[in-house]
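Okay, so the sequence shown: first residue is 2 according to this note's numbering, each after it adds one. C-beta atoms are modelled at their ideal positions from N, C-alpha and C, and glycine is treated no differently. Since the model is a prediction, treat every value here as computed from it, not as a measurement.
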Amino acid sequence: MTRILLAVFLRDLMLARRVGGGGVLGIIFFLSLITIVPFAIGPDLNLLGRIGPAILWIAALLASLLGLDRLFQADHEDGSLDQMLLSPAPLELIVLVKCLAHWFVTGLPLVILSPLFGLMLNLDGPALRAVAITLLVGTPALTFLGAIGAALTVTLRRGGLLLSILVVPLAVPVLIFGVSAAESGTVPFLTPLVILCALSLASFALSPIAAAVTLRGAGE
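This is the structure:
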């Protein structure tokens, strides 16, 4: 079973790179949004520094939606999903591995580059560290919640817009506590961070189950 899960993980990594790099598109979108916002706000660096964590989190949320509609749709179109349903490995674990591969391609690069992008928003050292930590903890939850929307729209050829409508409301708590932790000082930082960790762990445990149930229904 471990070999099957590892094969699925490596396959998704190779497909993401071959299709055009969902991670590269996410980084370009992330950078584009962060570049445009200062022009819209104006030259007020203090204001930019205050809302910088929120801008980074919103950009991360929107960038994570790129390519989510293809998380299961490509497998449905080429028949791989049917093989996954018949696989001896539980479908829940396969969904979990596919989500991890998607986060590794799209979410992790944003976490790594967030301090560099934060400098463009006039964030200081503590704020940069806080944003990087919260993105590291919170972006997996965005991916796992997105997997539910991807499973619900797996049979739709153009379900990207519907997927965004479904996922964004689910991601609001993650966004709230992620921004709260990133904007807090050193003393209250742990409270929203712990809640953010709880949300990520809950999505880690529950989202693969919900997505697997939906995919089984779509395969019948």
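Contact fails between the segment 88-95 and the segment 165-180, because fewer than three Cβ pairs, one in each stretch, are under 8 Å apart. For residue 135, same chain residues with a beta-carbon under 7 Å away, outside a window of 5 residues either side, are 179, 182, 183, 194 and 197 in chain order.
In summary, residue 102 is buried, with 16 or more beta-carbon neighbours lying within 10 Å of its beta-carbon over all protein chains present. In the displayed model, residue 43 falls within coil according to three-state DSSP, outside both helix and strand. The C-beta of residue 166 has fewer than 16 other C-beta atoms within 10 Å across all chains shown, which makes the residue exposed.
In the three-state scheme derived from DSSP, where H, G and I count as helix and E and B as strand, residue 15 is classed as helix. Between residue 141 and the set 153, 111 and 126, the nearest pair of CA atoms involves 111.
Of the candidates 123, 152 and 148, 123 places its Cα closest to the Cα of residue 49. Look at residue 192 here: in three-state DSSP terms it is helix. Measuring C-alpha to C-alpha distances from residue 37 to each of 87, 56, 126 and 3 identifies 56 as the nearest. Beyond the five residues adjoining it in sequence on each side, residue 204 comes within less than 6 Å, by CB distance, of 142, 145 and 146 in the same chain, given in chain order.
Boundaries of the alpha helix (DSSP H) harbouring residue 148: 126-153, taken from the DSSP string. Taking the CA atoms as reference points, residue 162 sits about 14 Å from residue 149.
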